[in-house]
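Student: For the sequence shown, my numbering begins at 1356 and goes up steadily by one.
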Amino acid sequence: MCGIFGIVKKEEDNLGAILIGAAERLTYRGYDSVGMATISNGKIDLRKDVGKVDSVAEKYNVGEMRGQRGITQLRWATFGAPSQINAQPHLDSDGDMVGAHNGNVVNNIELRQQFIAEGLNVRSENDGESCVHAVERYIKKGYEIIDAMRLAYGDLKGDYAFVLAPANDDKLYALKKGSGLVVGIGEDFTCLSSDLPSLLPLTREILRPQDGEIIILGHNSVELRAITDGTVIERDPEIVTETMDSVQKGGYPHFMLKEIHEQPQVARELHNLLDDSPDIDEVIEKMRNARNLYLVACGTSYHASLAGSVSFAQLAGRATIPVLAPQFMPQYAPTVTHDDVGIFVSQSGETKDVLNALAAAEAKGMTPYGIANVIGSTLTQFTNSCLPLGCGYEISVPATKTFTNQVYNFIYLAYKMAGKDTAELKVVPELMEKTLEMVAPSVADLASTLDDVQDMYTLGYGATLPIALEGALKLKEITYAHCEGMLSTEFKHGPLSAVTENYPIIFVAGPNDIPLIISGINEVTARGARAIVIGPDDERLRANANELIVIPDAPEEISALLAVLPLQLLSYHMSVARGYDPDFPRNLSKTLTVD
Ligand code: M6R
């Protein structure tokens, strides 16, 4: 969701290509508009519009833009519709300062009214523009830019990071408050970005500003100042050794397919990480003794939490309360006590809904733990300890490898809680490899028969219910068809009326629930539905279903984990067949940092 990048060079240079490259690397976050600004000899050149990076760059000849400093921003609309005027960066009233932000200024509407009343030239509805005016209003009153930023910080409510370039200056000024911002240091240049991957092709020398810090970038200097009193903060840069391979497609046509195939390997790595984790025993102990144990998350991470809840119950006899993060506040926060424990689960570690629930839980004295993929994310900083997912970068908007590692993480914890030997789980990555191999041809064939389908169901029971829900989310997310996930036994309580001849229904069958799933299959096939089953190689399933996608035999929780792989692949193939880009589905963002 939104991303900013800025660069300061020693002398004027061809910045257009650098800004396009940085913008391309930020696209995985999701966006609807893009803009670039360069500053050359006190003049700002601003080009921006709705659309993809390449088309906006081509339309506005961004490649020819030159300057000593440059900013690019990718916008995912929250305040103000996607439009050229709302696209970022934004100018101040007189057009002699330009800036852009990432995040959400929650009092944007009030601030805009104040700026208009003060006579500032407010052109858009966008909260990025408010960041620029919030600083401008104090500069106009005679403050130096650093003091103006400190005062603006008091006015701008919400979580954000922004960067500013005054025209008659040679530096960039940025502020971090709740949104990601990383600084890169190169030879004769410095840069900053909303995330690390977009900096890596430019430099390996990195500095990580913290919330409440102002960053001043010169071409060969980086200064950090405390927002509170403006004092200089000393922090050493670090050298990042990660390769860029992990953020490239590695020969696959899409990141999603690459990430699907990375699942066995990242599961292996996660197992080792958990074996070595110094925090596991404390987390297990607290979970075991908790009065109530909540699993709090959104989207795919919520489905993993549902799977975790089944694993804790079945493997360790421990009841948990899985809850969608925003619903935690009205439904559970009022009842929380110091004896409760919460596991907050998020790939990005930045999902605002989850962070809001975390804040509400902590206010009531709950002990919070986390499970997150992005190390250094807000969730990892504000939980007592945060267990890893170890997936590396997940670029594709649809979560795949982070889902399976979340589920794996929960199974591992449930094993530990039950006193079972976690070494037994070491077979799982191999089973995942086998599954991918076994299902690939049948899933590709199945996808080709579902080209025109705009409506379907995925049904599961017990450990496979969360998998059915996750499969439905994947299908909706990237095929744009409607697909509803549901408990198989609920289907007869209403949705059965939707069934017509050849209506596709995917059942996810666990090894212990085959007779129940068969009842469900017969209820729908008797009315003409096409029952597609994902499950173990079982004669009863073969005899009753129209099609069976066979996965390897495995115990219940592991079988469920394997069953998500064909659903991920099916969504992927259907999306590609429909001419969509599964990595960047329309309207969606990888990291949802807004309420
Ligand atoms: O980063 P998070 O795990 O907190 O994100 C939560 C959801 O936004 C996310 O899982 C979303 O549902 C996925 N894009 C689905 O593939």
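Positions of the beta carbon are idealized from the N, C-alpha and C atoms, including for glycine.
Mind pulling the alpha helix (DSSP H) runs of 4 or more residues that sit fully within the region 1528-1612?
Tutor: If we require 4 residues or more, the region 1528-1612 turns out to have no alpha helix (DSSP H) run fully inside it.
Student: Return the bridge partner residues of phenylalanine 1699 from the DSSP annotation.
Tutor: Paired residue(s): Val1651 and Gly1725.
Student: What's the call for threonine 1433, buried or exposed, on a 16-neighbour Cβ count within 10 Å?
Tutor: Looking at its Cβ environment, which holds 16 or more other Cβ atoms inside 10 Å, threonine 1433 is buried.
Student: According to the neighbour-count rule (16 or more other Cβ atoms, all chains shown, within 10 Å of its Cβ), is threonine 1757 buried or exposed?
Tutor: Classification for threonine 1757: buried.
Student: For asparagine 1462, which of Gly1509, Asn1441 and Gln1428 has the nearest alpha-carbon?
Tutor: The candidate whose alpha carbon is nearest that of asparagine 1462 is Gly1509.
Student: Short of 7 Å in beta carbon distance, which residues of its chain neighbour leucine 1612, apart from the five on each side in sequence? Order them along the chain.
Tutor: Tyr1927, listed in sequence order.
Student: Under the criterion of a Cβ to heavy atom distance below 8 Å, does alanine 1754 qualify as lining the ligand M6R?
Tutor: Answer for alanine 1754: yes, Cβ within range of the ligand M6R.
Student: Identify the residues that DSSP records as bridge partners of serine 1388: which are they?
Tutor: In DSSP, serine 1388 forms a bridge with Val1405 and Arg1430.
Student: Please say whether valine 1518 and alanine 1455 have beta carbons closer to each other than 9 Å?
Tutor: Taking 9 Å as the Cβ cut-off, alanine 1455 and valine 1518 qualify as a contacting pair.
Student: Of the choices Ser1664, Leu1475 and Asp1694, whose alpha-carbon is the least far from that of methionine 1772?
Tutor: Ranking the options by Cα distance to methionine 1772, first place goes to Ser1664.
Student: To the nearest angstrom, report how far apart serine 1485 and tyrosine 1515 are at their CA atoms.
Tutor: Going from the Cα of serine 1485 to the Cα of tyrosine 1515 covers about 12 Å.
Student: Which residue from Leu1801, Glu1749 and Leu1768 puts its Cα closest to that of glycine 1725?
Tutor: Looking at the Cα atoms, Leu1768 is the closest of the given residues.
Student: Candidates Asp1950, Arg1941 and Val1949: which alpha carbon is nearest glycine 1406's?
Tutor: Nearest C-alpha to glycine 1406: Arg1941.
Student: Which residue wins for smallest C-alpha separation from leucine 1579, given the options Leu1527, Gln1439 and Asp1630?
Tutor: Ranking Leu1527, Gln1439 and Asp1630 by Cα distance to leucine 1579 puts Leu1527 first.
Student: If you follow the beta strand (DSSP E) that threonine 1813 is in, where does it begin and where does it stop?
Tutor: From DSSP, the beta strand (DSSP E) with threonine 1813 extends over 1810-1815.
Student: So asparagine 1644 and isoleucine 1676 are in contact, right, with Cβ under 8 Å, and what is the actual spacing, rounded?
Tutor: Not quite, the Cβ-Cβ distance comes to about 16 Å (not below 8 Å), so this is no contact.
Student: Based on Cα-Cα distance, which residue from Leu1530, Ala1688, Ala1853 and Asn1476 lies nearest to valine 1651?
Tutor: Of Leu1530, Ala1688, Ala1853 and Asn1476, the residue nearest in Cα terms is Ala1688.
Student: Between which two residues does the alpha helix (DSSP H) containing tyrosine 1493 stretch?
Tutor: That run of the alpha helix (DSSP H) goes 1482-1494.
Student: Report the partner residues of alanine 1516 according to the DSSP bridge assignment.
Tutor: Paired residues: Asn1457 and Lys1531.
Student: What span of residues does the alpha helix (DSSP H) with lysine 1756 cover, start to end?
Tutor: 1756-1772 is the span of the alpha helix (DSSP H), which, as asked, contains lysine 1756.
Student: Taking the CB atoms as reference points, tell me whether proline 1907 and proline 1891 lie closer together than 9 Å.
Tutor: Going by C-beta atoms, proline 1907 is nearer than 9 Å to proline 1891.
Student: Check whether the Cβ of cysteine 1357 lies closer than 8 Å to any heavy atom of the ligand M6R, and answer yes or no.
Tutor: Checking every heavy atom of the ligand M6R against the Cβ of cysteine 1357, none is found closer than 8 Å.
Student: Within the same chain, show all residues whose beta-carbon is closer than 8 Å to that of serine 1740, passing over the 5 residues directly before and after it, in chain order.
Tutor: Once the five neighbours on either side are set aside, the close Cβ partners of serine 1740 are Asp1634, Glu1637, Val1638, Tyr1724 and Gly1725.
Student: To the nearest angstrom, report how far apart aspartate 1807 and glycine 1422 are at their CA atoms.
Tutor: C-alpha separation (whole angstroms): 50 Å.
Student: If you measure between the beta carbons of proline 1866 and serine 1930, is that distance less than 9 Å?
Tutor: No. Outside cutoff.
Student: Take alanine 1522 and list the residues in its own chain whose beta-carbon comes closer than 7 Å to its own, dropping the five residues that flank it on each side.
Tutor: Ile1394, Gly1397, Lys1398, Ile1399, Asp1451 and Met1452.
Student: According to the Cβ coordinates, are alanine 1317 and leucine 1713 closer than 9 Å?
Tutor: With the chain covering only 1356 through 1950, there is no way to say anything about residue 1317.
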